[in-house]
DNA sequence: TCTGACTTTGACCTGTAAGTCAAAAAAATG
DNA sequence: CATTTTTTTGACTTACAGGTCAAAGTCAGA
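Residue numbers (our numbering), protein chains in the order written: chain A, 1 to 183; chain B, 184 to 366.
Okay, here's the thing in structure tokens:
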């Protein structure tokens with residue numbers, strides 16, 4: 001149902017995020033999104049120029065939420081170990097509360113490595129930047145190749161978002177990560 | 184190019200696996216597959232009744248390769264710890280050599296939880312069976328909830344297959360898993 | 001070489017999804 | 001109110017993908 005607090009554009013974005021997180025790009029039609037947002041299809045084109053731009057907007061939003069959550073908490077203070085653990089906790093927290101967004105990110109993050117066209121460069125750079133920031137935090141306390149390690153850790157948590165609901169609890173993920181870091 | 188050692192049907196399957204592992208179901212067209220297999224589109228329908236059946240066949244093949252690899256090695260003998268480690272090593276080995284197949288499995292395994300129709304039941308059961316067998320091997324030496332843990336471990340390794348090539352080495356994955364199991 | 005089974009394809013049909021557009025409805029402005 | 005601007009939609013075009021089919025090519029055996 002069209003939200004009253006948010007504007008119409010926001011409702012559409014929200015609908016897009018919902019749709020793209022449960023099916024992949026090619027399986028989602030503009031009709032689908034319109035139906036979820038309780039809006040007619042041409043209205044989407046009033047706010048967004050094309051399907052791919054709408055997709056990018058939805059992705060961007062989900063991604064920035066993740067980024068805010070992760071770095072909002074962990075970048076303040078403290079020893080490295082503490083930092084790393086709090087970063088991972090933020091990630092796990094995000095998994096708990098924003099499963100939909102994380103699913104979208106995980107499912108589609110490979111798209112911009114295969115998709116060509118310079119308009120994807122921006123989004124790709126952002127994602128790489130995120131990984132690097134995670135790397136910076138983790139590298140100081142982990143022996144192995146840091147950026148690869150960071151990507152792996154991000155992936156470990158993220159991958160659980162791809163599972164059907166209720167098949168792996170966030171607690172299990174947490175356990176595994178903490179074990180990984182505990183030495 | 185159409186393979187001479189394999190028959191035409193095999194070439195098509197191979198092409199399908201390649202296509203479906205780099206893009207997701209809705210983004211792959213029968214034309215794409217035909218082009219990769221160096222064959223005209225209607226020929227695909229001579230060997231496979233529909234796109235979804237072709238997809239299932241490709242998935243099945245990739246999945247059985249994984250299953251063979253993993254259980255072929257680890258089910259022979261030995262102590263639990265040894266068993267579990269060899270199982271994971273098989274998995275990692277598979278990741279090393281059959282990145283394409285694993286990518287297909289990881290990217291699309293959620294499909295049959297959302298897709299309806301009884302013809303998906305079979306493939307779903309097989310996947311669940313696989314997870315359970317992994318659980319059986321791992322549960323004997325791990326404290327936490329075993330089946331969830333098994334799924335998580337399978338996922339940890341599998342998820343790396345979703346990364347673009349060369350961004351996380353199998354060694355990194357191995358390191359993480361061994362660390363997880365080492366206690 | 002003729003015949004019949006198998007394999008391959010060009011041409012076509014059909015449905016559906018992306019995207020357009022002119023006009024209607026609603027809101028804002030004077 | 002009247003008019004202008006913004007928002008919304010029904011009806012349409014266009015392109016392309018899944019799927020069909022009849023006919024053409026290939027090849028083995030009688």
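Note that CB positions come from ideal geometry on N, CA and C, so glycine has one too.
For a test of the three-state rule: what should DSSP assign to residue i, helix, strand or coil?
i: residue 48 of chain A; result: coil
i: residue 281 of chain B; result: coil
i: residue 129 of chain A; result: helix
i: residue 69 of chain A; result: helix
i: residue 299 of chain B; result: coil
i: residue 124 of chain A; result: helix
i: residue 239 of chain B; result: helix
i: residue 224 of chain B; result: helix
i: residue 328 of chain B; result: With a pLDDT of 48 at residue 328 of chain B, under the threshold of 50, the predicted position of this residue should be treated as unreliable, though the coordinate-derived value follows. Residue 328 of chain B falls in the coil class under three-state DSSP.
i: residue 218 of chain B; result: helix
What does residue i touch in chain B if you count any residue whose Cβ is under 8 Å from its own?
i: residue 47 of chain A; result: In chain order: nothing, as chain B lies at least about 23 Å away.
Would you tell me roughly how many angstroms separate the C-alpha atoms of residue i and residue j, rounded to the nearest one?
i: residue 18 of chain A; j: residue 190 of chain B; result: 43 Å
i: residue 50 of chain A; j: residue 26 of chain A; result: 14 Å
i: residue 229 of chain B; j: residue 235 of chain B; result: 14 Å
i: residue 205 of chain B; j: residue 283 of chain B; result: 8 Å
i: residue 258 of chain A; j: residue 65 of chain A; result: Only positions 1 to 183 of chain A appear in this structure, which leaves residue 258 of chain A out of reach.
i: residue 225 of chain B; j: residue 199 of chain B; result: 15 Å
i: residue 217 of chain B; j: residue 241 of chain B; result: 14 Å
i: residue 239 of chain B; j: residue 306 of chain B; result: 8 Å
i: residue 63 of chain A; j: residue 29 of chain A; result: 22 Å
i: residue 294 of chain B; j: residue 311 of chain B; result: 14 Å
i: residue 214 of chain B; j: residue 223 of chain B; result: 8 Å
i: residue 68 of chain A; j: residue 60 of chain A; result: 12 Å
i: residue 237 of chain B; j: residue 231 of chain B; result: 6 Å
i: residue 126 of chain A; j: residue 192 of chain B; result: 42 Å
i: residue 220 of chain B; j: residue 300 of chain B; result: 29 Å
i: residue 194 of chain B; j: residue 97 of chain A; result: 44 Å
i: residue 302 of chain B; j: residue 291 of chain B; result: 16 Å
i: residue 115 of chain A; j: residue 207 of chain B; result: 13 Å
i: residue 296 of chain B; j: residue 287 of chain B; result: 15 Å
i: residue 304 of chain B; j: residue 203 of chain B; result: 20 Å
i: residue 44 of chain A; j: residue 13 of chain A; result: 9 Å
Which chain A residues are close to residue i, counting only those with a beta carbon under 7 Å from its beta carbon?
i: residue 215 of chain B; result: Within 7 Å Cβ-Cβ: nothing; residue 215 of chain B doesn't reach chain A, min ~11 Å.
Using a cut-off of 7 Å between C-beta atoms, extract the partners of residue i located in chain B.
i: residue 117 of chain A; result: Those do not exist, as residue 117 of chain A stays about 15 Å from chain B at its closest Cβ, beyond 7 Å.
Under 8 Å between beta-carbons, which chain A residues line up against residue i? List them in chain order, please.
i: residue 297 of chain B; result: 22 and 23
Name the chain A residues whose beta carbon is nearer than 9 Å to that of residue i?
i: residue 209 of chain B; result: 23, 24, 25, 26, 27 and 28
Starting from residue i, trace the alpha helix (DSSP H) in both directions and tell me its first and last residue.
i: residue 21 of chain A; result: 8 to 22
i: residue 27 of chain A; result: Run containing residue 27 of chain A: none; DSSP gives neither H nor E here.
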